[in-house]
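Notes follow once the structure below has been shown.
Number of protein chains: 2
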Amino acid sequence: MCQLLGMNCNTPTDITFSFEGFRRRAGLTDCHTDGFGIAFFEGKGVRIFRDNRPGASSPMADLVSQYRIKSYNVIAHIRKATRGEINLENTHPFIREIWGENWVFAHNGTVENLSICPNNHYQPIGTTDSEIAFCCIAAKLKERFPQKPSEKEIFDAVVEITSKIAEHGVFNFILSNGHWMIARCSTNLHYVCRKAPFGTALRDDDVMIDFRDYTCETDKVTIITTQPLTKNESWTKMKNGGYVFFKEGDVLFEIEGTLPECKPHV
Amino acid sequence: MCQLLGMNCNTPTDITFSFEGFRRRAGLTDCHTDGFGIAFFEGKGVRIFRDNRPGASSPMADLVSQYRIKSYNVIAHIRKATRGEINLENTHPFIREIWGENWVFAHNGTVENLSICPNNHYQPIGTTDSEIAFCCIAAKLKERFPQKPSEKEIFDAVVEITSKIAEHGVFNFILSNGHWMIARCSTNLHYVCRKAPFGTALRDDDVMIDFRDYTCETDKVTIITTQPLTKNESWTKMKNGGYVFFKEGDVLFEIEGTLPECKPHV
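Protein sequence lines, in the order shown, are assigned to chains G and C. Quick note: full-length UniProt numbering has the first sequence finishing at residue 266, numbered continuously throughout. Quick note: full-length UniProt numbering has the second sequence finishing at residue 266, numbered continuously throughout.
This is the structure:
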């Protein structure tokens, strides 16, 4: 399986502290060594860095850590391949243009027997179940709304479309258009909203940060991840079938999961 | 105006020698300082590096030079903004998925009064005339061929669609799906096909390379660029209305331009 990391904020934020802990799981503290990818939104544009080498040792990941790009929305993924070869086109996050926006998607889990019609406008480039799922979401949204609807309508439609896809397996995902971020949980997804009063955080590899050195009173920074990255913060564990729509570091819409606990097919 | 650089080969090739000469025009030897971008195909995947800082001094461009990525198909662009703000979403090359492939496009020139229907499936993310033109090409191809046609049919359709767009202004472009590369000229586009017997090349900043140190007998490497990058090679200058379809370093299809010489609108 893979691991996900997302960040949604109301101020451009450097994700390095979280990303450094996260990427250690790609070869050092865990075995998600089949590639990594990270997408930073910048205005309506997006920078994506991907590598089919392990995140812990990839020179591309070193660059990301050194570059300290500040962004409102970031999605990262470390891969333990279950479907599809280890190559660049199978490396998350995936990207498509929808309604003149960049949409970025990363998935943890496996969805079985999903198929896509060859006439579907969005076609997968690689061979992962995850990219097929993303193309289904994109196509169904565009079919339902030829032009961009409200955020609430997008959230409701994403919930409806992806609840059906989730019947095919384990479907934890993070999705963003650079303005908001939607998180969906089957098995494991946690989030923490950091805001004033800021304190310190202790990463699971015992690196400490004092957020007071980097933040101002009004900042809100939400981190979403498969497994909590810090030991002393209060992470919310999402439930199976749960969805959260984050905007500017806040929870805007939420559906608490009510499905029975979902076991990963590992 | 901007400048274009393309490479199409039959063996994975490091573009550094050409890219280093090219990026010097983005701030050192010329004034194309409003951003740069470069896309490397890798299998069906693509790595794109873009920066809204000048190519000559961008740390992202430094990384590209150091990284020495080998690829069969590369498209690079340095920008002198004429339409659209200087930001990431307006930085070439642009990318869209067509028929389950990554298609990459970069344009030099300005096309006036192009518009796109809001129901068009491909919508521009930024505000450049170039991205609108690319979305028009993509949408018309998908409309005409719901599924991927032959390479010759693609070439003929691209010629027909883009000849109409070119009536709106100056339309030099390079387009690739990772297997082939199409170059179209209005004002300035040159190419050179490097193959055995290999010799030396002298870049316009007087850096010399001996290709015999890097190549084998069967290698074919075509470089396409706005202005020749070397002083001692025989570059073919394309004519207004000319198109070339390159595959594995060879010219596969060609239309010699026959339109009167096109003057840039500068």
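For glycine and all other residues, C-beta sits at the position ideal for the given N, C-alpha and C.
In the three-state reduction of the DSSP assignment, cysteine 193 (chain C) falls in the strand class, which pools E and B. A straight line joining the alpha-carbon of cysteine 185 (chain G) with that of histidine 77 (chain G) spans about 15 Å. Taking valine 221 (chain G) as reference, the option from G:Ile15, G:Leu4 and G:Cys2 with the minimal CA-CA separation is G:Ile15.
Here DSSP, grouped into helix, strand and coil, assigns isoleucine 98 (chain C) to strand. Under the three-state reduction of DSSP, glutamine 123 (chain G) is assigned to coil, being neither helix nor strand. Bounds of the alpha helix (DSSP H) holding valine 158 (chain C) are 151–166. Ranking G:Trp99, G:Glu89 and G:Gly100 by CA distance to the CA of glycine 100 (chain C) puts G:Glu89 first. For lysine 142 (chain C), the secondary structure class from DSSP, reduced to helix, strand or coil, is helix. Between glycine 242 (chain C) and isoleucine 224 (chain C), the C-beta spacing is not below 9 Å. Between asparagine 240 (chain G) and glutamate 261 (chain G), the gap from beta carbon to beta carbon is short of 9 Å.
DSSP places glutamate 20 (chain G) inside the alpha helix (DSSP H), whose first and last residues are 16–24.
Uninterrupted beta strand (DSSP E) stretches at least 3 residues long and entirely within the region 212–265 of chain C occur at 220–225, 242–247 and 250–255, given in chain order.
If you check the CB distance, arginine 212 (chain G) and alanine 201 (chain G) do not come in under 9 Å.
Scanning C:Lys263, C:Asp205 and C:Val251 for the CA closest to the CA of threonine 230 (chain C) turns up C:Asp205. Taken atom to atom, the span from the alpha-carbon of phenylalanine 253 (chain C) to that of histidine 107 (chain C) is near 20 Å. Of all alpha-carbon atoms in G:Pro12, G:Thr128 and G:Ile154, the one lying nearest the alpha-carbon of alanine 138 (chain G) is that of G:Ile154. Per DSSP, serine 58 (chain G) lies in no alpha helix (DSSP H) segment and is marked neither H nor E. DSSP, read as helix, strand or coil, puts cysteine 135 (chain C) in helix. For the 9 Å CB-CB criterion, isoleucine 75 (chain G) and isoleucine 174 (chain G) form a contact. Note that the C-beta distance between threonine 91 (chain C) and asparagine 52 (chain C) is below 9 Å. By the beta-carbon neighbour count (other beta carbons within 10 angstroms, threshold 16), aspartate 129 (chain C) is buried.
Assignment of glutamate 89 (chain G) by DSSP, reduced to helix, strand and coil, places it in the helix class. Burial check for leucine 259 (chain G): the Cβ neighbour count within 10 Å stays below 16, so the residue is exposed. Sequence-distant Cβ neighbours of asparagine 188 (chain C) in its own chain, meaning closer than 7 Å and more than five residues away, are Asn172, Thr226 and Gln227. When the alpha-carbon of glycine 43 (chain C) is set against those of C:Trp103, C:Phe36 and C:Cys136, the nearest one is in C:Trp103. The C-alpha of arginine 24 (chain C) lies about 18 Å from the C-alpha of histidine 190 (chain C). Between alanine 56 (chain G) and phenylalanine 22 (chain G), the alpha-carbon positions lie close to 9 Å from each other. Under DSSP, the beta-bridge partners assigned to alanine 183 (chain C) are C:Ile174 and C:Val244.
C:Glu143 is the residue among C:Glu131, C:Val111, C:Ala133 and C:Glu143 whose C-alpha sits nearest the C-alpha of asparagine 120 (chain G). Per DSSP, asparagine 52 (chain C) is not a residue of any beta strand (DSSP E), being assigned neither H nor E.
The C-alpha of valine 64 (chain G) lies about 44 Å from the C-alpha of glycine 257 (chain C). Chain C places no beta carbon closer than 9 Å to that of glycine 55 (chain G), leaving this residue out of the contacts. With respect to tyrosine 67 (chain C), proline 59 (chain G) sits close: the two C-beta atoms are nearer than 9 Å. At a beta-carbon threshold of 8 Å, the residues of chain G lying near isoleucine 125 (chain C) are Lys44, Gly45, Glu97, Gly100, Glu101 and Asn102, ordered along the chain.
DSSP places aspartate 210 (chain G) within a strand segment (E or B) once states are collapsed to three. Residue state for serine 115 (chain C) is assigned as coil, using DSSP reduced to three classes.
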